[in-house]
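Visitor:
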Amino acid sequence: MKTLYLVRHAKSSWDYPQLSDEERPLLEKGKKRTKKMIDYLLTTNARMDLIVSSHAVRARKTAEILAHAFQYPVNQIKIDHLIYKGGERQLDNQFFDVPQEINHLWIIGHNPTITNFANRFLEDKIDYLQTSGVVSIQFDTDNWEKIDNTIRSVNFIMYPRKLKQMSGKK
């Protein structure tokens, strides 16, 4: 069994027009929402064998927050520019060099790519994955390259607003 976690980066700042889009930092609100997501993720018994992240600051920082929470070595986060620059089909490249002993793969990226990629595996499509949102899908295979042609099930689709609704807070 292989489990894929698709994560949209945390909410980022638009307050620095001198920075390129790739350099935009996270907002404190984004960090707090990611930490709330982590609390949820820990209840799901989520595991982490490999994190692959976009090189953009907001994605890398989100990956680092997740890594710390799951005691994953930050220096082992794989950075891939194609996650930022490429489209949904470019994410396919992530699976060609993933060692088969990796069972829990996390990809941290951006919309619309991360949503479009998730929708390839979802029966009930989502309009867009909100910031700090996570889609977890389990595949009945031992080979990452075969995930398109195998039985799969959605573990969860979760994002901060849904957590808030579930807790009954306004």
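First residue of the sequence shown? That's 13 in the numbering used here, and the numbers climb one at a time after it. Positions of the beta carbon are idealized from the N, C-alpha and C atoms, including for glycine. As the structure is a prediction and not an experimental result, all values here were calculated from the model.
Contact defined as beta carbons within less than 8 angstroms: I believe residue 62 pairs with residue 90. What is the distance between those atoms, to the nearest angstrom?
Guide: Residue 62 to residue 90, Cβ: 7 angstroms. Contact.
Visitor: Can residue 165 and residue 142 be called in contact, C-beta distance under 7 angstroms?
Guide: Against a cut-off of 7 angstroms, the Cβ pair of residue 142 and residue 165 comes out as no contact.
Visitor: For residue 64, name the three-state secondary structure that DSSP assigns.
Guide: In this structure, residue 64 counts as strand in the three-state DSSP scheme.
Visitor: Rounding to the nearest angstrom, what Cα-Cα distance links residue 168 and residue 42 in this structure?
Guide: One C-alpha to the other measures close to 20 angstroms.
Visitor: In or out: residue 26 buried (at least 16 other Cβ within 10 Å) or exposed?
Guide: That one is exposed.
Visitor: Enumerated in chain order, which unbroken segments of the alpha helix (DSSP H) with a length of 4 residues or greater are wholly contained in the segment 78-129?
Guide: You should have 94-97.
Visitor: Residues in the same chain with beta-carbon distance under 6 angstroms from residue 15, minus the five sequence neighbours each way, listed in chain order, please.
Guide: Answer for residue 15: 116, 150, listed in chain order.
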